[in-house]
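Undergrad: One structure is given below, represented as structure tokens, and several questions about it will come after.
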Amino acid sequence: MTRLLPGIAVMLLIMTGCAKEPLNNLNSDEARLYITNRNDSVSFSSYATFRIADSVAVISNNQLQEHARTSYDAQLIEAVANQLTQKGYTRVQAGTTPDIGVTINRIYNDYSGVISYPDYWGGFGGYWDPFYWGYPGYGYYFPGIIGTYTVTDGAVSIDMFDVKNAATNNNLRFLWNGLIRGSGTFLPGTVNSSVQALFDQSPYLTRN
310 MTRLLPGIAV
320 MLLIMTGCAK
330 EPLNNLNSDE
340 ARLYITNRND
350 SVSFSSYATF
360 RIADSVAVIS
370 NNQLQEHART
380 SYDAQLIEAV
390 ANQLTQKGYT
400 RVQAGTTPDI
410 GVTINRIYND
420 YSGVISYPDY
430 WGGFGGYWDP
440 FYWGYPGYGY
450 YFPGIIGTYT
460 VTDGAVSIDM
470 FDVKNAATNN
480 NLRFLWNGLI
490 RGSGTFLPGT
500 VNSSVQALFD
510 QSPYLTRN
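Residue numbers for the sequence shown follow this note's numbering, so the first one is 310 and each next one is one higher.
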């Protein structure tokens, strides 16, 4: 048996060396992040009806830009409505006061920064003899490069508020929030699965 151990060790090393990095092999569904928050002081079964705003708030760098209803927004609204209906809540339309008010937001934030490239060019120009430019005997000079970048981070936020008890509480009390962010967040093909993921991790959010 002891003679087999070195061979086993070698095989384990080979298998480990060939293993792929899990984080580099996530598909777009796996790469998205789903975050939910709830008001622990409320019983969600005490609410019966809901209404969703008929447009989506577009927020850029913490500023409201507009209320929009693109085809993507409409799909998002219906996906949320379908999930709430499956949970036992009844959807009501404008003109009827709901127990739960639902708003949906598309959020975009820009982040900027500076990157220093002390040897950005890597000396690649040196592969061309300066004689090519008519300056034999000269060398190349590569200054350090300072680069700036801007990255836009996007997310979808779904917020639920207590309309039923607004008059009693003198405010619209927060009930639940879901946040979707990451790869493919704004692709129409991911809407239903992303919204479902939020509700799947919120089993307490039910009328039944």
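The beta carbon of each residue, even a glycine, is placed where N, CA and C say it ideally should be.
#1: How big is the Cα-Cα spacing for R490 and R415?
#2: Rounded to whole angstroms, how far is the Cβ of S535 from the Cβ of A340, which I believe are closer than 8 Å?
#3: Is it the case that the stretch 365-373 contacts the stretch 503-511, given that we only count it when at least three CB pairs across the two stretches are under 8 Å?
#4: Can you list, in chain order, the residues of its chain whose CB lies under 6 Å from that of T412, leaving out five sequence neighbours each side?
#5: Relative to the alpha-carbon of S380, which residue among L496, Y513, R516, I424 has its alpha-carbon at the smallest distance?
#6: Looking at C-alpha atoms only, which residue of V423, R482, A388, T406 is the closest neighbour of G456?
#7: Which ranges does the beta strand (DSSP E) cover as unbroken runs of at least 3 residues, wholly within the stretch 457-490, from first to last along the chain?
#8: On a CA-only basis, which of N346, L342, V351, I344 is nearest N478? Give me that one, please.
#9: Which residue comes first and which comes last in the alpha helix (DSSP H) that contains A390?
#10: Under 8 Å, do F353 and T515 count as touching if we go by C-beta distance?
#11: Leaving out the 5 sequence neighbours to the left and right, which residues in its chain are closer than 6 Å to D462 when beta-carbon positions are compared?
TA: Let me lay it out:
#1: Mapped onto the sequence shown, residue 490 falls at position 181. Mapped onto the sequence shown, residue 415 falls at position 106. So the alpha carbons of these two residues sit roughly 10 Å apart.
#2: Here the chain has residues from 310 to 517 only, and residue 535 is not among them.
#3: Cβ pair count under 8 Å is below three, so no.
#4: If you number the sequence shown from 1, residue 412 lands on position 103. Hits under 6 Å: A362, D468.
#5: For the purposes of this step, residue 380 is taken as the residue at position 71 of the sequence shown. When L496, Y513, R516, I424 are compared, the shortest CA-CA separation from S380 is found for L496.
#6: On the sequence shown, residue 456 is found 147 positions in, with the first residue counted as 1. In terms of CA proximity to G456, V423 leads the group V423, R482, A388, T406.
#7: Within the stretch 457-490, the complete beta strand (DSSP E) runs of at least 3 residues are 482-490.
#8: Numbered from its first residue, the sequence shown carries residue 478 at position 169. The option with the nearest alpha carbon to N478 is V351.
#9: Here residue 390 corresponds to residue number 81 of the sequence shown, with the count starting at 1. Per DSSP, A390 is one residue of the alpha helix (DSSP H) stretching across 380-395.
#10: As a first step, residue 353 is located in the sequence shown; it is residue number 44 there, counting from the start. As a first step, residue 515 is located in the sequence shown; it is residue number 206 there, counting from the start. Pairing F353 with T515 gives a Cβ-Cβ distance under 8 Å.
#11: Counting from one through the sequence shown, the residue named residue 462 turns up at place 153. By the criterion of a C-beta distance shorter than 6 Å, D462 is surrounded in its chain by N418, once the five residues flanking it on both sides are discounted.
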